[in-house]
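**Q** Residue numbers (the UniProt record's numbering): 1 to 396.
Just so you know, even glycine gets a beta-carbon here, dropped at the ideal spot from N, CA and C.
One structure follows; several queries about it will come next.
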Ligand SMILES: N[C@@H](CCOP(=O)(O)O)C(=O)O
């Protein structure tokens, strides 16, 4: 069953519906009775939690997503006076957390018998959709905001065989266009407004709790763009809490880029609705979104968990990206580094207390955006093909 998060209206699992009649968004309702011990005996992918994922397990479209590294980051943690783990979602098959959602979404598409899927994207969703559509044998079409998609992501979408359209507009406009096409049944929409996408992404929350030995961290910090992921992770946390697997829940802490921050602005006003940002701007193209579709769920996650939302500047993002890469060896794209930049800011202003147990989710791999990485780095030093020249350089 699918249910509206605002008015509670229910829909059948097989209705192709993206919004409730009241205009709000939908979520899948899960009723599961299973002991947590069963999970540890299964192959380590996100599908080990299959009872919580509402699709037919005989039709699963998978590239073995999930079970991503959960890195204890003692050097950075010590510097900030907290206990820090980083959940590295860039280790998924196409290099971002979207694969979890796309595996479930594509499975649902197969179950529904559609022949084409589509999305609007700042890059990662399209890369993932193109790969999983290829895996599932479906046609795919993606709309990208012209000039604002990092090179690695664009290459992935094109190479996996999606029909790639470059829209002379921003992500929000592209999403509106493709949603209309989906409502007119030209394709099945696999943006995160599709509630089945979030059923995959909630497994990040499941894994964090299991990674910590069935304990909740004090806080989970993550970047927020279209706001599907914070909503999904919170849904996962609540489902495991309600199942009795853990005794506590974390404070959900969403970080946005200064130039694209409608959710943080709403949080500061204690509001449950947003004022969309008309011309969103940030170097972190993955979160360059002014009108996030899942804002209702995201704000609920923040308020219900006694969480927080903060903005970070592009400079703070780039500094945090370098800090994580050079202190802990974890390479992430700029948007992912927003979680580390936010962590630093909230420790410095005292919002985060010393000794807190924190998990930062980093959402996409460094190589998604090679241009930004190269621009932020020193040029290689040129030397001749001579051992003497090499030795002289090393001894300098
Ligand atoms: N950053 C996203 C934006 C939209 O994605 P969705 O997961 O909310 O559908 C992207 O990679 O395109």
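Examine the Cβ distances between the segment 201-219 and the segment 344-364 and report whether three or more of them are shorter than 8 Å.
**A** yes
**Q** Can you tell me where the beta strand (DSSP E) with residue 221 in it begins and where it stops?
**A** In the DSSP assignment, residue 221 falls within the beta strand (DSSP E) that extends over 219-223.
**Q** So residue 387 is in the alpha helix (DSSP H); what residue range does that whole segment cover?
**A** From DSSP, the alpha helix (DSSP H) with residue 387 extends over 387-395.
**Q** Closest to residue 194 by C-alpha separation, out of 268, 25, 388, 377, would be which residue?
**A** Distance from the Cα of residue 194 is smallest, within the candidate group 268, 25, 388, 377, for 25.
**Q** If you run the structure through DSSP and keep just helix, strand and coil, what is residue 117?
**A** strand
**Q** Closer than 6 Å by C-beta to residue 307: which residues in its own chain qualify, once you throw out the five before and the five after it? Chain order, please.
**A** 251, 252, 253
**Q** Runs of 4 residues minimum, wholly inside the segment 307-385: which ones carry the alpha helix (DSSP H) assignment?
**A** If we require 4 residues or more, the alpha helix (DSSP H) runs fully inside the segment 307-385 come out as 314-328, 334-348, 370-375.
**Q** Rounded to the nearest angstrom, what separates residue 119 and residue 175 at their Cα positions?
**A** In this model, residue 119 and residue 175 are separated by some 7 Å (Cα to Cα).
**Q** Does the segment 119-128 come close enough to the segment 156-176 that 3 or more CB-CB pairs lie under 8 Å?
**A** yes
**Q** In chain order, what residues of the same chain lie with their CB nearer than 8 Å to the CB of residue 116, ignoring the 5 residues before and after it?
**A** 138, 139, 140, 141, 186, 187, 188
**Q** Do you know how far the Cα of residue 389 is from the Cα of residue 63?
**A** Going from the Cα of residue 63 to the Cα of residue 389 covers about 47 Å.
**Q** In the DSSP assignment, what are the bridge partners of residue 25?
**A** 19
**Q** Which value, in whole angstroms, describes the spacing of the CA atoms of residue 45 and residue 65?
**A** 6 Å
**Q** Are residue 260 and residue 280 closer than 8 Å when you measure CB to CB?
**A** yes
**Q** For residue 94 versus residue 61, is the C-beta spacing smaller than 8 Å?
**A** No Cβ-Cβ contact shorter than 8 Å links residue 94 with residue 61.
**Q** Rounding to the nearest angstrom, what Cα-Cα distance links residue 381 and residue 326 in this structure?
**A** 19 Å
**Q** Scan the segment 244-271 and note each continuous alpha helix (DSSP H) run of 4 residues or more that stays entirely inside, going in chain order.
**A** 262-268
**Q** From which residue to which residue does the beta strand (DSSP E) around residue 166 run?
**A** 163-167
**Q** Could you pull out every residue in the same chain whose Cβ sits closer than 6 Å to the Cβ of residue 29, ignoring the five residues on either side in sequence?
**A** 1, 3
**Q** Nearest by alpha-carbon distance to residue 288: which of 297, 309, 338, 246 is it?
**A** 338
**Q** Looking at the structure shown, is residue 151 part of a helix, part of a strand, or coil, going by DSSP?
**A** helix
**Q** So, does the segment 367-375 touch the segment 140-154, judging by three or more C-beta pairs under 8 Å?
**A** yes
**Q** Is the closest heavy atom of ligand 2 to the C-beta of residue 115 under 7 Å?
**A** Annotation note on ligand 2: not contained in the displayed structure, which lists ligand 1 as its ligands.
**Q** Going by DSSP, what residue range makes up the alpha helix (DSSP H) through residue 280?
**A** Note, residue 280: premise wrong, no alpha helix (DSSP H); not H, not E.
**Q** Among 365, 109, 169, 284, which one has its Cα closest to the Cα of residue 14?
**A** 109
**Q** In whole angstroms, give me the CA-to-CA distance for residue 345 and residue 72.
**A** 20 Å
**Q** Let me know the secondary structure DSSP gives residue 97 once reduced to three states.
**A** coil
**Q** Would you call residue 273 buried or exposed, if buried means 16 or more other Cβ atoms sit within 10 Å of its Cβ?
**A** exposed
**Q** For the beta strand (DSSP E) holding residue 398, just list the boundary residues, first then last.
**A** In the structure displayed, the chain extends from 1 to 396; residue 398 sits before or after that span and is not available.
**Q** Secondary structure at residue 303, three-state DSSP: helix, strand or coil?
**A** helix
**Q** Is any non-hydrogen atom of ligand 1 found closer than 7 Å to the C-beta of residue 286, if you look at the structure I gave you?
**A** Checking every heavy atom of ligand 1 against the Cβ of residue 286, one is found closer than 7 Å.
**Q** When the Cα of residue 373 is compared with those of 319, 349, 343, 340, which residue comes out closest?
**A** 319
**Q** Beta-carbon separation of residue 122 and residue 264 under 8 Å?
**A** no
**Q** Pop quiz: residue 332 and residue 324 are said to be a contact at Cβ under 8 Å. What is the actual Cβ separation, rounded to whole angstroms?
**A** 6 Å
**Q** Helix, strand or coil: how does DSSP classify residue 59 here?
**A** Three-state DSSP puts residue 59 in coil, outside helix and strand.
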